[in-house]
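Residue numbers (this note's numbering): 1 to 151. Just so it is clear, CB atoms sit at the ideal spot from N, CA and C, and this is done for glycine as well. For clarity, every value in this text was computed on a predicted model and none was experimentally measured.
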């Protein structure tokens, strides 16, 4: 889907405040509320806008520890299903990316404590297709979420 300048402006505003009203956005971009509504619906239908959700602090859910785990798997594609099934089922794993390069996957995880992270690592390492994990604990998040679309 081709996005014009106004579509990108609408996306910038929605990314900054997903609860902004169409009328408020319309005032900022120089359209009417119904025109913004139509553009937003079109972007939703075309998968540009994937959804809306509350941005909840993981600490409020008892998971203040943010870590990244690089996972290397053995070249047995028939066995990666067990790893992917585990990833989808474990609520501590908030993102999983199949990557190119030295590693096979990169996981973003929120854990309750270092002991909780250790337990998660032990479970990941017990999956037969996993050959190696390397973890890094985030000390401070300098920039989170994606950057807003640019014009």
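Exercise. Near residue 28, what residues of its chain come up, given a Cβ to Cβ distance below 8 Å and the 5 sequence neighbours on each side ignored?
Worked result: The residue labelled residue 28 in the question sits at position 28 within the chain shown. The answer, listed in chain order, is 9 and 13.
Exercise. When DSSP builds the beta bridges, which residues end up paired with residue 108?
Worked result: Reading the chain shown from its first residue, position 108 is the one you call residue 108. Partner(s): 68 and 95.
For this session: Could you check the C-alpha separation between residue 15 and residue 49 for me, to the nearest Å?
Result: Indexing the chain shown from 1 puts residue 15 at position 15. Indexing the chain shown from 1 puts residue 49 at position 49. Spanning the two alpha carbons is a distance of roughly 10 Å.
Exercise. Are residue 117 and residue 104 close, meaning C-beta to C-beta below 8 Å?
Worked result: Reading the chain shown from its first residue, position 117 is the one you call residue 117. Reading the chain shown from its first residue, position 104 is the one you call residue 104. No, these two residues do not count as a Cβ contact at 8 Å.
Exercise. When DSSP labels each residue in this structure, what does residue 133 get in the three-state scheme?
Worked result: On the chain shown, position 133 is the one that residue 133 refers to. Three-state result, residue 133: strand.
For this session: Between the Cα of residue 81 and those of 128, 114, 94 and 5, spot the shortest distance and give me the residue it belongs to.
Result: As a working mapping, residue 81 is identified with position 81 in the chain shown. Checked all of 128, 114, 94 and 5; the closest Cα to residue 81 is 128.
For this session: Go ahead and pull the three-state DSSP assignment for residue 73.
Result: The residue you call residue 73 lines up with position 73 of the chain shown. Strand.
Exercise. Which residues bound the alpha helix (DSSP H) around residue 128?
Worked result: Position 128 of the chain shown holds residue 128. No alpha helix (DSSP H) holds residue 128; DSSP gives it neither H nor E.
For this session: Could you spell out where the alpha helix (DSSP H) holding residue 1 opens and where it closes?
Result: Indexing the chain shown from 1 puts residue 1 at position 1. Careful: residue 1 lies outside any alpha helix (DSSP H) and carries neither H nor E.
Problem set entry | Neighbour-count burial assignment, residue 109, 16 or more Cβ in a 10 Å radius | To locate residue 109, count along the chain shown from 1; it is residue 109. The residue is buried, with at least 16 neighbouring Cβ atoms inside 10 Å.
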